[in-house]
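According to my numbering, the sequence shown holds residues 183 to 367 in order.
Where a beta carbon is used, it is the ideal one built from N, C-alpha and C, also for glycine.
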Amino acid sequence: ETWLPEYYDYTFDNGTVMSDSSGNLLFYSNGDRVWNKNGEIMLNGDELLPGDSWDQSAISFPKPGSNNQYYLFSVSNWNSPKGLYYSIIDMTLDGDLGGVTSVKNIKLEAANWAHDHQFVTKNRSGDAYWVVTRLYNDDRYASFLVDGQGVHVDPVYSSTGIYRNFTSGDNGNIKISPDKRYLVT
């Protein structure tokens with residue numbers, strides 16, 4: 183006899199949780215699936231790419247200019263389809279339990295070798311976001327602007343001068359300083 187349910191989902195380190203401005207749970211995700219506030223897989227909320235990951239597998243944030251939509255970004259791990267992907271969640275779907283829209287599993291080709299690292303931060307004016315990811319087999323980070331017009335597919339690249347090979351043991355988290363001047367992995 184086992185204590186685990188017949189089928190369960192996991193992510194090795196973390197995922198994302200989204201709540202409304204009052205702190206009420208809206209949804210959560212491991213980067214492979216999205217669950218609604220009732221703990222049920224959200225409408226169209228399965229088979230997200232690249233699948234569950236490790237350190238910073240999924241991030242979510244409000245879609246700029248919308249009161250009901252959210253972005254969900256997921257990044258690959260060492261054994262999943264490579265890259266950075268995003269989907270849009272609309273909380274007005276499925277009787278206000280939310281659902282993943284037809285904007286699902288959109289790959290950002292400029293981050294084809296993104297792996298296990300991603301972070302989101304508001305821009306200086308507070309009306310948009312930057313999604314930052316580490317590129318492997320490269321020495322750069324790619325930062326994608328997400329504003330009221332959508333996801334800008336051409337990133338700002340920042341070179342570190344430190345080349346990192348793509349390996350299964352090279353993972354971790356990204357942190358950005360409060361003044362947005364420094365990035366640490």
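Query: Helix, strand or coil at P360 according to DSSP, with G and I counted as helix; Result: coil
Query: Residue span of the beta strand (DSSP E) that contains L317, given as start and end; Result: Y311 to L317
Query: For D278, the three-state DSSP class (helix, strand or coil); Result: helix
Query: Identity of the residues DSSP links to Q331 by a beta bridge; Result: According to DSSP, which records beta bridges pairwise, Q331 is partnered with nothing at all.
Query: According to DSSP, residues forming a beta bridge with P244; Result: Y252
Query: Residue burial classification, G280 (beta-carbon count within 10 angstroms, cutoff 16); Result: buried
Query: Run of the beta strand (DSSP E) containing I270, from where it starts to where it stops; Result: L266 to D272
Query: Enclosing beta strand (DSSP E) for T198 [first to last residue]; Result: T198 to S201
Query: Whole-angstrom C-beta distance between V335 and A292, which should lie under 8 Å; Result: 6 Å
Query: Under 8 Å between C-beta atoms of Q300 and T315; Result: yes
Query: Same chain, Cβ closer than 6 Å to K357, neighbours up to 5 away in sequence not counted; Result: V366
Query: Presumed contact (8 Å Cβ cut-off) between S269 and V285, rounded CB distance; Result: 6 Å
Query: Three-state secondary structure assigned by DSSP to F194; Result: Only weak support exists for where F194 lies, its pLDDT of 48 falling under 50; the coordinates are left without a value.
Query: Spatial neighbours of D276 in its chain, beta-carbon cut-off 6 Å, leaving aside the 5 residues before and after; Result: L225
Query: Reference L254, options K264, L230 and G247, closest by Cα; Result: L230
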